[in-house]
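Novice: What follows is a single structure, and I will ask about it in a moment.
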Amino acid sequence: RMADKEKEINLRPHYYVPKQEIEKCSSGIKNGDILCFVTSIKGLDVTHVGIAYWKDGQLTFIHASSSAKKVIIQASSLRDYAEGIKSCKGILVARPLEGKLESHALVMPAIESGEYPDIKDMVPYPVSDFRIARQDRCP
């Protein structure tokens, strides 16, 4: 049953990088890492996701912007974006495990060239193919 699975998942520890620590940990974040914005909103774990992207020495991210109504490279830094969201507690960083980079190898060159891939052409990763950053250490 879904309710039982949710209870089981909620008992697991959830690690994230607090938003005040993003800049300190940013050197461990790589292009293509999945960024999940952890929230203080009751009943939710994350409210938004994006793909980490270093642009001109600044860590930012690529995401579907609700205000721009399209996929964009965020102009502000990742830290500034997170700091600007009151309910954001920090970020959860996920990275494909070595040997599981098929989609990553296709997506990042397209992003870097400015040609955003169509989502239907992206291969989804099973959760077991990611390493999650722990709160007590940077990714």
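So the sequence shown is numbered by the working numbering: it starts at 159 and just counts up by one. The beta carbon of each residue, even a glycine, is placed where N, CA and C say it ideally should be. Since the model is a prediction, treat every value here as computed from it, not as a measurement.
Curious, which full-length alpha helix (DSSP H) runs of at least 4 residues does the stretch 209-235 contain?
Specialist: The qualifying runs do not exist here; there are none.
Novice: In whole angstroms, what is the alpha-carbon distance linking G201 and N168?
Specialist: Cα to Cα, the separation comes out at about 10 Å.
Novice: Quick check: what's the CA-CA separation for T205 versus D162?
Specialist: Cα-Cα distance, rounded: 22 Å.
Novice: I'd like the list of long-range same chain contacts for K177, defined as Cβ closer than 8 Å, with 5 residues on each side in sequence excluded.
Specialist: Within the same chain, K177 has close Cβ partners R237, A240, E241, C246, K247, G248 and I249.
Novice: Run through DSSP, which three-state label would G186 get?
Specialist: Of the three classes helix, strand and coil, the one that applies to G186 here is helix, per DSSP.
Novice: In terms of residue numbering, what span does the beta strand (DSSP E) encompassing I243 cover?
Specialist: Premise fails: I243 is in no beta strand (DSSP E) and is neither H nor E.
Novice: Buried or exposed, going by whether 16 or more other CB atoms sit within 10 Å of the CB of D191?
Specialist: It is buried - the Cβ of D191 has at least 16 other Cβ atoms within 10 Å.
Novice: Pick from I220, A233 and A210: whose alpha carbon is nearest that of R253?
Specialist: Among I220, A233 and A210, the Cα nearest to that of R253 belongs to A210.
Novice: Any idea what DSSP makes of I199, helix, strand or coil?
Specialist: Correct three-state label for I199: coil.
Novice: Please state the DSSP three-state secondary structure of R237.
Specialist: Helix, per DSSP.
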